[in-house]
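What follows is a short report on a single structure.
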Amino acid sequence: MEETLFAHVPIGILVVAPTGVVKAANPAAAALFGYAPDELVGLDVDALVPSRHREAHVAHRAAYAEAPVARRMGGERVLTALRKDGSERAVEVGLAPAPDGPDVYVTLLDVSAREDVSQALIDAQKINKAGTWSYDPVSGVVRWTPELFRIFRLPVA
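Structural data, given as structure tokens:
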């Protein structure tokens, strides 16, 4: 069942060795990065990170290896993946240590469409001079859009 799940789940999955080398990639991960699945195998995972973030990624990967726990990479931030053709995709990345060894399971969710819609909403709010806020009752976090900060003449946070 694990192999079937790996091959058919619509979320990208990579298995990455402690050295940073991709040991396995499912079809969804290959599609996200624009590679054939066998092209990803053997590739250094840092090659999938835009050059402007690569140095920090190497340091974060080393820190994760010291204390590997299942978590979302980058906290709540949307990260950027580098595709084979040089284009970039907005992604959410999950990390989990393999239970039977030193490898790391990486999950990848393409959130480009969601980010595009979010940016379109921000642009529309600017044009209409409308701002919005949201409240997450679980975390207690209140988020304001940049336009709402401007309406109240506050510095955009």
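Under our numbering, the residues of the sequence shown are numbered 2 to 158, in order. Every residue gets a Cβ at the ideal spot worked out from N, C-alpha and C, and that includes glycine. Everything numeric in this text was worked out from a predicted model, so none of it was measured.
- The stretch 131-141 and the stretch 68-76 do not touch, with fewer than 3 CB-CB distances between them shorter than 8 angstroms.
- When DSSP states are grouped into helix, strand and coil, E89 belongs to the strand group.
- Around the beta carbon of T108, 16 or more other beta carbons lie within 10 angstroms, which makes this residue buried.
- In the DSSP assignment, I152 falls within the unbroken alpha helix (DSSP H) covering 147-152.
- Annotated three-state conformation of T133 is coil, per DSSP.
- The three-state secondary structure of I14, taken from DSSP, is strand.
- Shown here, D104 sits in coil according to DSSP, grouped into three states, outside any helix or strand.
- Residue environment analysis places R154 among the exposed positions, since fewer than 16 neighbouring C-beta atoms fall within 10 angstroms of its C-beta.
- For the pair L83 and L49, the CB atoms are nearer than the 9 angstroms cut-off.
- The Cβ atoms of L15 and V46 sit closer than 9 angstroms to each other.
- N27 is the residue among N27, A66, E148, V105 whose C-alpha sits nearest the C-alpha of E4.
- DSSP assignment within the stretch 16-54 yields the following whole beta strand (DSSP E) runs of 3 residues or more, N-terminal first: 23-26.
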